[in-house]
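Visitor:
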DNA sequence: GTCTATAGATTGATAGAC
DNA sequence: GTCTATCAATCTATAGAC
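The structure is reproduced here in structure tokens:
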């Protein structure tokens, strides 16, 4: 088998298992059994378990965050033309959409998106500092840019409050990522099949209003 | 040493370590070393590791949720007097406060609250089904009651949308629980020392507006 | 109730044949 | 590149002396 094929099978298997069992409960043996490759091939292709985890995460996260940053930067660029011109200011909704739309695109394009979306949701809440850092390093520039743009969109709201509200958004988003494909908490009814687009629309309505809430 | 003293030392040590390292990365040896008791005493007092985890969680969660339900039921009782009387309807803010206030009380009363708050935040996102169930079983009746009351407070909003918005609230809340005592994601600046009361006030402002957002 | 000692299983990593 | 075999470390749980 080609090297690339083997690597891909390991990454795909690890992604599936991490999503359903978590990082810490999934052994290399679980992964190689699921991928139907030899146990030693992980070490050959990735070096260590940690390096494999890293590649599983970055393979998906890097392109999505690049899209997010590109959209956010174009909002900032439009705004910088006329900082005093209210009409050129980004709106709260535009900023949130710039974050959410790459997620939507990813979810509706990539068949394994459900798995990664759950990995993303739990990774941001992982107690293991190394795991959390892996996510945060990628996501931090996106959040910083969002905070700046939100300050422009909501000049009457102090920056610390912007940050706290952004955290509310992040928390709601991560929670929805975790729920995707799993059972609802509420009354045992599975709230899905709501399409990802529907979920995102509701998340957007909720968080837009929350961001603009009076002090 | 008395049995109760030993049990308490084990529970306290486990709570500290679960908060900082997570459930899955903390071994019984870590716990007994931190508690300064013998490794075999865990089995003697709790039976299995899983039973210990369960007691660590329930010791804190049960009384807080009892308070939440009591406050929510009193809102429902007041409303049931005059279902057509708008003035007797619970407000969104009252419902959210009924959920949040017992958390505040717990946080400002109990010295180890910070640890448990982080445990709570990660437990609701844990990929291990047993862990998640442990939390969900306790929290489910609270969420169901909240959904009912929110439907009364917001009669124009369809029940599925109420559920989705409640999930936004839950996600934001859990995220804040996780952040308590840890570093901020944003620009490396630690957003704390904001008091828990301040955090809750902002969470409340954000989520009240989100709940009442137009369709 | 507390302790030592250990059973029995599982883990990540690697050496070396092919 | 793939495989078998194995090492060294770690884990939970428990038997049995005190």
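Protein chains in written order, with my numbering: chain A, 2 to 216; chain B, 2 to 216. A virtual CB, placed ideally from N, CA and C, is assigned to each residue, including glycine.
At a CB distance below 7 Å, what residues from the segment 9–36 of chain B approach chain A? Give them in sequence order.
Guide: Answer set for the segment 9–36 of chain B: 22, 23, 25 and 26.
Visitor: Roughly how many angstroms lie between the CA atoms of residue 177 of chain B and residue 82 of chain A, to the nearest whole one?
Guide: Here residue 177 of chain B is taken as the residue at index 176 of the second chain, counted from 1. Here residue 82 of chain A is taken as the residue at index 81 of the first chain, counted from 1. Approximately 36 Å, taken between the alpha carbons.
Visitor: Who are the neighbours of residue 158 of chain A on chain B, taking C-beta pairs under 7 Å?
Guide: For the purposes of this step, residue 158 of chain A is taken as the residue at position 157 of the first chain. The contacting residues do not exist; residue 158 of chain A stays about 11 Å from chain B at best.
Visitor: Are residue 2 of chain B and residue 104 of chain B close, meaning C-beta to C-beta below 9 Å?
Guide: For the purposes of this step, residue 2 of chain B is identified with residue 1 of the second chain, where counting begins at 1. For the purposes of this step, residue 104 of chain B is identified with residue 103 of the second chain, where counting begins at 1. Contact flag unset, no.
Visitor: When you compare the segment 13–28 of chain A with the segment 120–127 of chain A, are there three or more beta-carbon pairs, one atom per stretch, that lie closer than 8 Å?
Guide: Touching, yes.
Visitor: List the endpoints of the continuous alpha helix (DSSP H) containing residue 66 of chain B.
Guide: Counted from its first residue, the second chain places residue 66 of chain B at position 65. Looking at the DSSP string, the run of the alpha helix (DSSP H) that includes residue 66 of chain B is 50–82.
Visitor: Nearest CA to the CA of residue 6 of chain B: which residue from B:67, B:112, B:99 and B:38?
Guide: By one-based count along the second chain, residue 6 of chain B stands at place 5. Selected option, being the one with the closest Cα: B:38.
Visitor: Distance check for residue 36 of chain A and residue 10 of chain A, CA to CA, integer angstroms please.
Guide: Taking the first residue of the first chain as position 1, residue 10 of chain A is located at position 9. Taking the first residue of the first chain as position 1, residue 36 of chain A is located at position 35. Taking the straight line joining both Cα atoms gives about 5 Å.
Visitor: For chain B, find out if any of its Cβ atoms is closer than 9 Å to the Cβ of residue 97 of chain A; answer yes or no.
Guide: The count along the first chain starts at 1 and reaches residue 97 of chain A at position 96. So, not an interface residue.
Visitor: Helix or strand or just coil, what does DSSP make of residue 46 of chain B?
Guide: Taking the first residue of the second chain as 1, we reach residue 46 of chain B at position 45. DSSP places residue 46 of chain B in helix when its eight states are reduced to three.
Visitor: Under 7 Å between beta-carbons, which chain A residues line up against residue 117 of chain B? List them in chain order, please.
Guide: For the purposes of this step, residue 117 of chain B is taken as residue 116 along the second chain, with counting starting at 1. Result: empty, since nearest Cβ-Cβ is about 13 Å, beyond 7 Å.
Visitor: I want to see whether chain B comes within less than 9 Å of residue 170 of chain A, judged by CB atoms only; does it?
Guide: The sequence position of residue 170 of chain A within the first chain is 169, counting from 1. Yes, its Cβ sits closer than 9 Å to a Cβ of chain B.
Visitor: Do we get a CB-CB distance below 9 Å when we pair residue 38 of chain B with the residues of chain A?
Guide: Within the second chain, numbered from 1, the residue matching residue 38 of chain B stands at position 37. For residue 38 of chain B, the answer is no, since every Cβ of chain A falls outside 9 Å of its Cβ.
Visitor: Tell me where the alpha helix (DSSP H) around residue 27 of chain B begins and ends.
Guide: Numbered from its first residue, the second chain carries residue 27 of chain B at position 26. Counting along the chain, residue 27 of chain B falls outside any alpha helix (DSSP H), and DSSP gives it neither H nor E.
Visitor: Give the DSSP-derived three-state secondary structure of residue 213 of chain B in the structure shown.
Guide: Along the second chain, one-based indexing puts residue 213 of chain B at 212. In the structure shown, residue 213 of chain B sits in coil (DSSP, three-state: anything other than H, G, I, E or B).
Visitor: Out of B:23, B:144, B:4 and B:180, point me to the one whose CA is closest to residue 129 of chain B's CA.
Guide: Translated into positions along the second chain, residue 129 of chain B becomes position 128. With distances taken between Cα atoms, residue 129 of chain B lies closest to B:23.
Visitor: If I follow the unbroken alpha helix (DSSP H) through residue 1 of chain A, where does it start and stop?
Guide: A query on residue 1 of chain A cannot be resolved here, the shown segment of chain A reaching from 2 to 216 and no further.
Visitor: For residue 136 of chain A versus residue 124 of chain A, is the C-beta spacing smaller than 9 Å?
Guide: What you label residue 136 of chain A is simply residue 135 of the first chain in a count that begins at 1. What you label residue 124 of chain A is simply residue 123 of the first chain in a count that begins at 1. Yes; because the gap between Cβ atoms is below 9 Å, this pair is in contact.
Visitor: Based on Cα-Cα distance, which residue from A:111, A:181, A:89 and A:93 lies nearest to residue 60 of chain A?
Guide: As a first step, residue 60 of chain A is located in the first chain; it is residue number 59 there, counting from the start. Selected option, being the one with the closest Cα: A:111.
Visitor: Going by the beta-carbon positions, is the gap between residue 155 of chain A and residue 209 of chain A smaller than 9 Å?
Guide: In the first chain, counting from the first residue as 1, residue 155 of chain A sits at position 154. In the first chain, counting from the first residue as 1, residue 209 of chain A sits at position 208. Not in contact: residue 155 of chain A and residue 209 of chain A (Cβ atoms no closer than 9 Å).
Visitor: Say whether the segment 165–176 of chain B touches the segment 138–157 of chain B, bearing in mind that this needs 3 or more beta-carbon pairs closer than 8 Å, one atom from each stretch.
Guide: Touching, yes.
Visitor: Measure the Cβ-Cβ separation of residue 91 of chain B and residue 76 of chain B and say whether it is below 9 Å.
Guide: One-based indexing of the second chain puts residue 91 of chain B at position 90. One-based indexing of the second chain puts residue 76 of chain B at position 75. Result yes, Cβ atoms of residue 91 of chain B and residue 76 of chain B sit closer than 9 Å.
Visitor: Nearest chain B C-beta to residue 216 of chain A closer than 9 Å, yes or no?
Guide: Reading the first chain from its first residue, position 215 is the one you call residue 216 of chain A. So, interface residue.
Visitor: Taking the alpha-carbon of residue 150 of chain A as reference, which of A:28, A:181 and A:95 has the nearest alpha-carbon?
Guide: Working through the first chain from its first residue, we reach residue 150 of chain A at position 149. When each option's Cα is compared against that of residue 150 of chain A, the closest is A:95.
Visitor: Residues of chain A with CB closer than 8 Å to the CB of residue 68 of chain B, please, in chain order.
Guide: Numbered from 1 along the second chain, position 67 holds the residue referred to as residue 68 of chain B. Near residue 68 of chain B there are no residues of chain A at all, since even the closest Cβ is about 20 Å away, more than 8 Å.
Visitor: Closer than 9 Å by beta-carbon distance: list the chain A residues that pair up with residue 162 of chain B, in chain order.
Guide: The residue labelled residue 162 of chain B in the question sits at position 161 within the second chain. Chain A residues near residue 162 of chain B: 203 and 206.
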